[in-house]
Amino acid sequence: MAIPIQWIPDKVSFEAYQKLFKIFPFGRAIFNSIYVAVMTTFITISSAAMAGYVFAKIEFKGREKIFVLYLATLMIPNQVTMIPNFIILKYMGLLNTFTGLMLPSLINAFATFILRQNMRIIPDAYIEAAVIDGASHFAIFYKVILPLIKPILAALGIITFMGTWNSYLWPLIILTSRNKMTLPVGLSLLNGQYASQYNLLMAGSLISIIPILIVFLFAQKYFEKGLSLGGIKG
454 MAIPIQWIPD KVSFEAYQKL FKIFPFGRAI FNSIYVAVMT TFITISSAAM AGYVFAKIEF
514 KGREKIFVLY LATLMIPNQV TMIPNFIILK YMGLLNTFTG LMLPSLINAF ATFILRQNMR
574 IIPDAYIEAA VIDGASHFAI FYKVILPLIK PILAALGIIT FMGTWNSYLW PLIILTSRNK
634 MTLPVGLSLL NGQYASQYNL LMAGSLISII PILIVFLFAQ KYFEKGLSLG GIKG
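Per this note's numbering, the very first residue in the sequence shown carries number 454; after that it's consecutive.
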């Protein structure tokens, strides 16, 4: 790296991007990150929405106590559960698999809490009218509740996608094969092998933020509306 740093290059070159894909399976790492982020986001938001509906609109004994216990998991740092999760996944034979990578993050108490609070303000008259028409809980959930909370779902989806996309420590622990490594792990290995070639690191970092920008640009209006509606209610 030249000192002093030349912020504006004399000529534009894409050599760093070409070299990046030659010396490391970068394309595979991008695909892995997209696959893991999309699947984790979809399953996490789906499970959180269903759990939020149960806690908000379905009466059953001990509902509030169970919900409090569920929220109590938010006080446990992720680092505390990494070793137990690793041991469990080892006995299940899920190490170095995408299933093992995604499994611990599929239940999200924070997303469940936000969705539950927003579902509570939906008038029960909507649900009662659907019940009179013969709708089941699944029909009410999909046809009545979900359309009313789309902005919140979009905001939580973007947050979950970004968190999964940028996740580093857990993929580093659970994945051992280069063909299954995600983008943050791949960038860290690149840093260790080519510490002096900052052009490769900057090229890789730029590529890593492109999917996040695309997702945010397409869902920006839902994200902003979701944040404005996502305050603690009820």
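All C-beta atoms in this analysis are idealised placements derived from N, C-alpha and C, irrespective of residue type, glycine included.
Nothing here was measured: the structure is a model prediction, and the numbers come from that model.
Cut-off 7 Å between Cβ atoms - residues of its own chain near residue i, not counting five sequence neighbours on either side
{"i": "A469", "result": "N652, L653, A656"}
{"i": "N619", "result": "P637"}
{"i": "M572", "result": "G505, Y506, A509, K510, I598, I602"}
{"i": "M615", "result": "I665"}
{"i": "S661", "result": "L636, L640"}
{"i": "Y647", "result": "Low per-residue confidence applies at Y647: pLDDT is 48, beneath 50, and the placement is therefore not dependable enough to give any value."}
{"i": "I458", "result": "none"}
{"i": "R516", "result": "F508"}
Range of the contiguous alpha helix (DSSP H) that encloses residue i
{"i": "W618", "result": "603 to 618"}
{"i": "K510", "result": "479 to 510"}
{"i": "P664", "result": "651 to 671"}
{"i": "P537", "result": "531 to 544"}
{"i": "T526", "result": "Note, T526: premise wrong, no alpha helix (DSSP H); not H, not E."}
{"i": "K404", "result": "Past the edges of the chain, shown from 454 to 687, lies residue 404, and the structure says nothing about it."}
{"i": "Q459", "result": "It is not in any alpha helix (DSSP H) - Q459 carries neither H nor E in the DSSP assignment."}
{"i": "A582", "result": "577 to 585"}
{"i": "G553", "result": "551 to 555"}
Neighbour-count burial assignment, residue i, 16 or more Cβ in a 10 Å radius
{"i": "Y506", "result": "buried"}
{"i": "P624", "result": "buried"}
{"i": "I598", "result": "buried"}
{"i": "V668", "result": "buried"}
{"i": "I511", "result": "exposed"}
{"i": "F484", "result": "exposed"}
{"i": "T629", "result": "exposed"}
{"i": "L659", "result": "exposed"}
{"i": "A564", "result": "buried"}
{"i": "V465", "result": "exposed"}
Nonlocal neighbours in the same chain, by C-beta distance under 8 Å from residue i, ignoring five residues either side
{"i": "L559", "result": "T493, I496, T497, S500"}
{"i": "F520", "result": "F508, R569"}
{"i": "A562", "result": "Y523, L524, T526, L527"}
{"i": "M535", "result": "L622, W623, I626"}
{"i": "G583", "result": "The sequence given here places Ala at residue 583; Gly does not occur at that position. Contacts found: A592, I593, K596, V597."}
{"i": "N549", "result": "I627, L628, T629, S630, K633"}
{"i": "M503", "result": "F594"}
Nearest-angstrom Cβ-Cβ length linking residue i and residue j, presumed shorter than 8 Å
{"i": "L524", "j": "F566", "result": "6 Å"}
{"i": "L554", "j": "I627", "result": "5 Å"}
{"i": "V489", "j": "T613", "result": "Wrong, their Cβ atoms sit about 12 Å apart, outside the cutoff."}
Cut-off 6 Å between Cβ atoms - residues of its own chain near residue i, not counting five sequence neighbours on either side
{"i": "V533", "result": "none"}
{"i": "P557", "result": "N538"}
Self-check item: Start-end ranges of the alpha helix (DSSP H) lying completely within the region 622 to 647, minimum 4 residues
Solution: 622 to 627, 636 to 646
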